[in-house]
Every structure is written in structure tokens, then in C-alpha cells.
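Shown next, in C-alpha cells, is the structure this report addresses.
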Amino acid sequence: MKKLTTLIIFLSFVSLGHCQLIENLRVGLEVNAAWYNDDKNTGPFFDSDNQDSDKHLRANSYLKLDYDFLKNFTATVQLESYEPLALLNYSPNFDGTNLGIYSLNYRNKKLEATVGHFYEQFGSGLILRSWEDRQLGVNNALLGGRVNYSILDELSITALYGKQRVGFKTSDGEIFGANIEYDLSKSLGFSESSISLGLSYVGRKQVIDVMNPKYNELTNSFSGRLDYSKNSFYAGLEYVYKSEDAAVLAGQLINQFVNPGSALLINTGFSKKGFGLDATFRRLENMAFFSDREKAGNIYLENNVNFTPALTKQHDYLLTNIFVYQAQSQVVFADPQLTEVGEIGGQVDMYYNIRKDTPLGGKYGTKLAVNASYWSGLKGNYDFNNLSYDVDYLGFGEKYFSDISLEVRKKWSSKLNTIFYYVNQYYNQRAIEDNFSGEQIQTNILALESMHRLGSKGKSLRLVAQKLWSNSDNHDWIGGVVEYNFNTKFSIYANDIYNSGDDADTTETHYYNFGGSYTKGASRFSLNYGRQRAGLVCVGGVCRFVPEATGLSASFLYSF
Amino acid sequence: MRIFFTLCLLFISLCVKAQDIPEVTVKNLAGDDISTSEFKNSKDIKVISFWATWCVPCINELDAISEIYQDWQDETNVEVIAISTDDARTRRRVKPLINGKDWEFKIYVDENQDLKRALNINILPYVIIVKDGKIIHTRTGYTPGSEEELFEIVKQHTD
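Respectively, the protein sequence lines represent chains A and B. Quick note, the first sequence lines up with residues 0 to 559 if you use numbering that gives the first Met the number 0. Quick note, the second sequence lines up with residues 0 to 158 if you use numbering that gives the first Met the number 0.
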């Protein structure tokens with residue numbers, strides 16, 4: 000509380016006309032509020048995370064201030080408020096009003112140093128990533144210190160230490176990290192091609208409280224990366240090794256189940272004007288890496304040290320997001336028939352622009368995007384009773400997921416644009432959700448979108464129709480969206496999806512939403528009422544399960 | 000809670016002036032570090048759009064600008080910079096996508112979202128217009144036709 004009072008006094012002082020100070024201040028405000036109501040169809044309001052059915056009105060609020068001073072310094076604070084409780088599905092660790100983030104940063108051409116909270120990523124994040132996503136309720140900033148120094152133009156090093164943020168507290172485990180980025184092509188004087196090298200170390204130290212542990216307090220992980228590009232061709236390789244650590248099964252540390260982990264990521268592509276091709280291969284084995292071991296696999300995505308998103312296309316339509324793949328990086332020994340230690344697979348993307356004034360291109364050209372992905376478990380011998388496994392390095396085991404999608408974007412006239420979107424998916428519910436009675440679901444999904452411009456002042460109409468067919472009696476969905484923009488500032492929309500299949504959780508229920516938004520510059524206010532389907536909310540490749548809820552929600556964003 | 004809103008009101012009532020673009024490092028498509036201070040070097044107005052490969056309205060906006068970009072440049076010398084906020088899941092898609100779409104914009108990648116955070120960007124798409132290193136206009140969201148409003152602002156500020 001004292002901190003807050005000091006802050007208010009300081010800010011009041013600032014506001015008394017000291018515009019010079021304000022010029023160096025950046026402010027961001029976000030308030031997301033909801034009023035949850037009882038629903039005749041889906042039951043009364045209940046928050047299972049907090050065991051609460053009384054507090055219908057909730058708000059998550061964030062106020063972030065960045066202040067630049069003395070040429071090289073930046074001070075950052077982020078005040079967060081979850082009152083009286085956080086919105087549904089957020090971790091109960093986000094509780095009350097408090098300072099969530101505070102840091103002081105010094106930066107010149109060669110050196111950057113931070114004390115307090117900071118976000119960091121080594122390589123693609125396979126070994127370390129700390130980040131924030133408010134919609135997902137993720138904030139695993141490290142609280143400690145970090146130094147980055149550019150020894151030469153082509154060589155920089157980073158060293159860091161910290162504990163991870165968990166709600167308003169920190170992890171028990173400590174994180175140590177070091178990273179080197181080296182641009183070889185600069186040293187070798189290559190001008191046409193580029194070669195760069197990266198090396199990282201990340202250690203996690205957490206006190207062990209079991210007798211005769213078979214693993215160490217400190218888990219070490221090492222990563223090496225190589226990237227090459229020349230003209231329109233590029234390729235990259237990343238490998239991570241994680242030292243022996245105990246597995247966590249259903250939230251329990253298993254002292255006699257100790258294994259190392261590894262990750263391999265290979266990416267290559269070719270692109271030139273009007274054409275792009277990209278292919279990725281990845282293998283993960285026992286790569287769950289958490290600042291507190293026993294938090295492995297927690298549903299709130301807390302304590303994640305590394306970042307292993309699903310490498311599949313992130314679709315943007317309602318029905319394309321019902322069966323979403325999630326990367327299987329963790330050891331699961333749930334049943335002799337349900338054992339996993341990782342995943343192997345890949346994806347290919349192709350983009351092509353059919354030129355204008357050709358038969359298929361028409362007057363404005365036609366844009367195509369194709370994606371195909373395939374993921375399976377690691378092939379090998381799993382010994383459920385003795386808690387051991389022996390997997391092949393390049394063997395494909397049980398199929399988990401596949402997805403083929405085609406997008407065709409076409410502009411017909413200055414008034415009409417359309418998008419045709421088709422997806423074919425295979426979803427192994429049993430393996431992906433660790434659900435014993437899960438099905439093997441195959442779907443075909445079609446979405447058609449049209450955008451109509453109705454005048455010069457930004458008046459426009461957007462329509463989307465969607466249909467999902469499946470091989471399962473449980474899933475047969477239909478959906479639609481209507482959006483009307485009065486001008487570039489004010490919009491209203493309504494959408495609905497409906498399952499006529501037999502799935503006990505969703506059958507014959509309309510999941511509808513309607514609302515509007517008003518935008519002015521960087522400020523935006525939106526109001527929405529609707530029923531949320533239980534399922535995954537996905538942002539940037541990470542998904543979190545959210546239960547069913549009905550209510551009114553409002554959001555306000557402001558920044559300057 | 001009350002304190003929170005008092006603080007917010009206090010800020011909204013503050014005098015607001017054009018901001019400098021914060022100094023943060025992003026990467027170009029070859030993977031080299033680029034400081035945002037380079038955006039201040041030229042006198043020409045820059046339209047900087049924050050987008051992601053998975054964000055449909057962002058793609059709609061950049062497609063729409065792409066079609067009239069030549070006209071914009073002929074008239075005003077404006078430069079459009081598209082900064083991808085894609086993280087590890089989708090970053091690899093940036094290069095083939097921009098080539099496949101034939102976009103002529105300068106492209107940078109803000110992979111762990113340092114610049115996005117420094118500018119307090121909450122939702123995409125988000126556009127800022129920069130002149131002499133100062134942010135003279137910001138806008139969030141895209142509806143068809145808002146690219147024309149952007150160009151009006153660019154023209155107003157062209158000397």
C-alpha cells in the first residue's frame with residue numbers, strides 16, 4: 000500500500016503541469032470486465048478455480064507506465080488489479096491489486112542492463128522464453144537481473160538470473176541463463192549470404208524435498224543454433240539438450256522415473272516475388288521444463304521456462320478452432336495404453352500470388368495459401384510397469400494430428416473481397432487431451448467470408464458462413480458471423496455456432512455472441528454479450544482451456 | 000480497485016503530447032538487429048503497422064495498403080514498415096507470406112514483442128504514423144476504408 004501511495008503522490012506532482020516529464024512517459028491502460036449470469040441452458044454461474052458462485056462481476060485491469068530519463072534510463076511499472084476476483088479461468092494466483100512488474104533499464108549502444116522484471120527469449124524459445132499474454136493469463140517475467148553486451152558488431156552476450164513471476168509471487172526455483180549470438184558472415188566478410196550461430200545455457204535450481212533423490216537440484220540445458228540464408232533460400236537448425244530430471248505424472252514428482260530430454264528443430268524455405276515455400280521439422284522428447292518441477296503441465300501455463308508451441312497453422316475462424324492441436328512435449332504414463340514422451344512431425348506452408356490480368360488472377364490477382372501438418376508420438380518401447388521407455392530417434396509412432404488447409408483470397412472489385420477457406424483435420428482426442436474415452440475425429444471445415452464496401456466513409460459489411468462435417472456422430476457444426484461497420488470507428492457484430500451432433504457437452508446449444516466497439520486513435524471500447532463454449536482459447540500458438548460461461552463483458556484500452 | 004481507477008483518471012487528465020518512438024531492438028528478415036532509432040533518420044513520414052501472420056484483419060489491412068502503395072509513394076514519399084509480432088510458432092511463415100503476397104513494405108520482426116510492449120500495444124492490427132521520430136498518430140483495429148484515413152493524415156503532415 001505504501002508503494003502505491005508514493006506512486007500516487009509522485010504522479011500527482013507530475014500532473015501539476017510538468018509537461019516536460021510527461022513527454023518521456025508512455026502509458027497503457029487495459030480494463031477487461033465481465034458480469035457472469037446464470038444460464039437456463041447451461042446452468043448457474045460457478046467459478047471452479049475459486050470455488051465461488053457469488054461474485055458475478057469481475058475485472059482484470061492493467062496500468063503500465065514507462066518513463067525515459069537521463070538519456071539512457073527507462074523505469075517501468077505495471078500495476079495490476081483483479082477485483083473482487085480475476086475473470087473466469089485465470090489462475091487464482093492473480094489476486095487483488097498490486098504491482099505486477101517493476102524494472103529499471105539502462106541502455107547505450109554497447110550495453111543493456113536491467114534490474115527487476117524482464118522478458119527474454121533465447122533462440123526460438125525452445126530453451127527459454129519469458130513473456131506476457133494478458134488474454135491467456137500468462138506472465139512469466141523473470142525477477143532478477145540481466146546484462147547484454149555487444150563485444151563486437153557481430154558478437155553479443157547475455158547473462159541473466161532470476162525467479163519467475165507466478166501471480167504476484169515468484170517461483171521457488173531459480174533460473175540462470177547465458178546466451179551468445181555470433182554473426183559469422185560478418186567476420187568472414189560474406190556479403191551475399193548470411194550465417195549466424197547461437198549458443199545458450201539455461202539452468203533451473205530447485206530444492207528437492209524427497210529422500211534419496213535420483214536427480215540433481217540443478218537441471219542444466221544447452222542449446223546450439225545455426226542459421227543460413229542466401230538470396231531467396233534460407234535454412235535453420237536448433238538443438239536443445241536437457242539433463243536428467245524427474246518426471247511429473249499427474250502433478251506428482253516420480254523419483255524413480257528420471258530421464259534426459261531433447262529437442263530438434265529444422266526449418267528451411269525458399270521465397271521470391273509472388274511465391275513462398277517453408278518447411279519445418281521438429282522432434283521433442285521429454286521437454287517439459289518448469290521453474291517449479293511439480294507445476295509441470297499446469298492448466299494456467301504458470302512456471303513455463305521454455306516455449307514449445309504447436310507447429311500447426313493457427314486458424315482464425317470459429318469452427319476451425321474446435322479441434323486444436325497442442326504440442327505434446329511432456330512425459331505421460333497414464334495407462335499401459337496411454338503413454339507418451341514427446342512428439343515428432345512437421346509442417347509445410349506455400350504462398351502463391353496469381354498475377355493480375357491472367358485468367359485465374361482476374362483484374363486484381365488471386366492470393367493462395369496452403370498449409371499441411373502432421374504430428375505423431377515417438378515410436379518405441381514403453382514399459383508402463385517399470386516406468387521406462389526406449390524410443391527411436393526418427394520413428395513415427397501413434398498419429399496425433401494432421402491438418403491440410405487452403406485459403407483463396409480474391410478481390411472482385413473495389414467494393415467486394417472474398418476469402419474461401421477449407422480445412423481437413425485429424426484429431427486424436429485420446430492422446431492430445433489425455434482422455435481415455437477420447438475419439439479419433441476427422442473433420443472437413445469450410446468457411447466463406449465476404450467483405451462489402453458500402454461507401455467511402457468506411458461503411459462496410461462483413462459476412463462469414465462456416466460448416467464443420469465430421470466422422471463422429473458427436474460433431475456436426477454450423478456457424479456464421481455478421482459484422483457491420485458504420486464508419487472506421489464504430490462497429491457492431493453478431494456470431495453464432497451450433498452443434499447438431501450428439502456430444503453431451505455442446506449438443507443443440509447456441510454459442511452466440513453479439514456486441515459493438517468504438518475506436519478512436521489508440522483507444523477502444525467494446526461491449527459484448529454471449530455464451531462462451533468450453534474449449535481452447537489460443538493466442539500465438541499457445542492454448543488454454545476455458546470452461547463454459549455466459550455473460551456481459553466490457554473492455555477498455557487506452558494508450559499514449 | 001478505487002486506487003486503480005483514481006490513477007487511471009489522473010493519467011487521462013494529463014497533458015498529452017507527441018511521443019518519441021522508444022528505443023528498442025527488432026530484427027530484419029536476415030536476422031540482424033535493427034534499432035528503432037533508425038526509424039528517426041529520414042525526414043519522410045513512416046507508417047508503421049504491427050501485424051501477425053495469424054491476424055486476419057492485419058492481413059486485410061496490409062493487402063489493402065499494398066494495392067495503393069505505389070500511388071501513396073508517388074504522391075508523398077511515405078514509407079510503410081510492417082513489424083511482425085509473430086512468435087516462434089509462426090515467425091517462419093513471415094518471409095514466405097510477404098513474398099507470396101508481393102508486399103513491397105519494409106519488414107521487421109519483433110519476436111518476443113519488446114517493441115509492442117514498449118508502445119503498450121494490446122491488440123492487433125495497430126498502426127502508428129511517425130514523423131521526425133515523433134509519433135503523430137496511432138490507430139488500432141482495421142475496417143475497410145481506414146487505409147484511406149491513414150493516407151489523409153500522411154498528406155496533411157507532408158511538407
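All residues carry an ideal CB built from backbone N, CA and C; glycine is no exception.
Backbone secondary structure at residue i - three-state DSSP
i: residue 243/A; result: strand
i: residue 71/B; result: helix
i: residue 138/B; result: strand
i: residue 531/A; result: strand
i: residue 153/B; result: helix
i: residue 440/A; result: strand
i: residue 35/B; result: helix
i: residue 229/A; result: strand
i: residue 212/A; result: coil
i: residue 582/A; result: Since the first residue shown for chain A is 0 and the last is 559, residue 582/A is missing from the structure and cannot be characterised.
i: residue 99/B; result: helix
i: residue 507/A; result: coil
i: residue 18/A; result: Note that residue 18/A scores a pLDDT of 48, beneath 50, so its modelled location is shaky; the value from the coordinates is reported in the next line. Correct three-state label for residue 18/A: helix.
i: residue 148/B; result: helix
Within-8 Å CB hit, residue i to chain A
i: residue 39/B; result: no
i: residue 157/B; result: no
i: residue 45/B; result: no
i: residue 53/B; result: yes
i: residue 124/B; result: no
i: residue 35/B; result: no
i: residue 121/B; result: yes
i: residue 81/B; result: no
i: residue 148/B; result: yes
i: residue 137/B; result: yes
i: residue 89/B; result: yes
Closer than 8 Å at the beta carbon, the chain A residues around residue i
i: residue 94/B; result: 233, 268, 270, 275 and 277
i: residue 132/B; result: Neighbours of residue 132/B on chain A: none; closest Cβ ~13 Å, over 8 Å.
i: residue 117/B; result: 25 and 65
Cα-Cα separation between residue i and residue j, rounded to whole angstroms
i: residue 439/A; j: residue 507/A; result: 22 Å
i: residue 188/A; j: residue 154/A; result: 14 Å
i: residue 70/B; j: residue 90/A; result: 50 Å
i: residue 469/A; j: residue 437/A; result: 15 Å
i: residue 47/A; j: residue 480/A; result: 31 Å
i: residue 36/A; j: residue 94/A; result: 21 Å
i: residue 64/B; j: residue 462/A; result: 22 Å
i: residue 427/A; j: residue 474/A; result: 14 Å
i: residue 365/A; j: residue 54/B; result: 19 Å
i: residue 22/B; j: residue 34/B; result: 7 Å
i: residue 341/A; j: residue 286/A; result: 8 Å
i: residue 57/B; j: residue 273/A; result: 19 Å
i: residue 83/A; j: residue 73/A; result: 32 Å
i: residue 192/A; j: residue 229/A; result: 4 Å
i: residue 320/A; j: residue 57/A; result: 26 Å
i: residue 433/A; j: residue 312/A; result: 22 Å
Test: residue i CB closer than 8 Å to a CB of chain B
i: residue 12/A; result: With a pLDDT of 49 at residue 12/A, under the threshold of 50, the modelled position of this residue cannot be trusted; read the value that follows with caution. Chain B, which has no Cβ nearer than 8 Å to the Cβ of residue 12/A, makes this no.
i: residue 313/A; result: yes
i: residue 198/A; result: no
i: residue 191/A; result: no
i: residue 15/A; result: Only weak support exists for where residue 15/A lies, its pLDDT of 45 falling under 50; the coordinates are left without a value.
i: residue 442/A; result: no
i: residue 419/A; result: no
i: residue 466/A; result: no
i: residue 305/A; result: no
i: residue 226/A; result: yes
Beta bridge counterpart(s) of residue i as assigned by DSSP
i: residue 452/A; result: 459/A
i: residue 349/A; result: 276/A and 369/A
i: residue 416/A; result: 410/A and 450/A
i: residue 402/A; result: 372/A and 424/A
i: residue 481/A; result: 462/A and 493/A
Interface partners of residue i on chain A, CB under 9 Å
i: residue 70/B; result: Neighbours of residue 70/B on chain A: none; closest Cβ ~13 Å, over 9 Å.
i: residue 111/B; result: 118, 119, 120, 124, 128, 129 and 130
i: residue 98/B; result: 231, 270, 271, 272, 273, 274, 275, 350 and 352
i: residue 22/B; result: 67, 73 and 106
Per-residue contacts from residue i into chain A (C-beta, under 7 Å)
i: residue 101/B; result: 272, 273 and 352
Contacts of residue i in chain B (Cβ-Cβ under 8 Å)
i: residue 450/A; result: 59 and 143
i: residue 284/A; result: What residue 284/A touches in chain B: nothing, since even the nearest Cβ is about 18 Å away.
i: residue 523/A; result: 122, 139 and 140
i: residue 518/A; result: 138, 139 and 140
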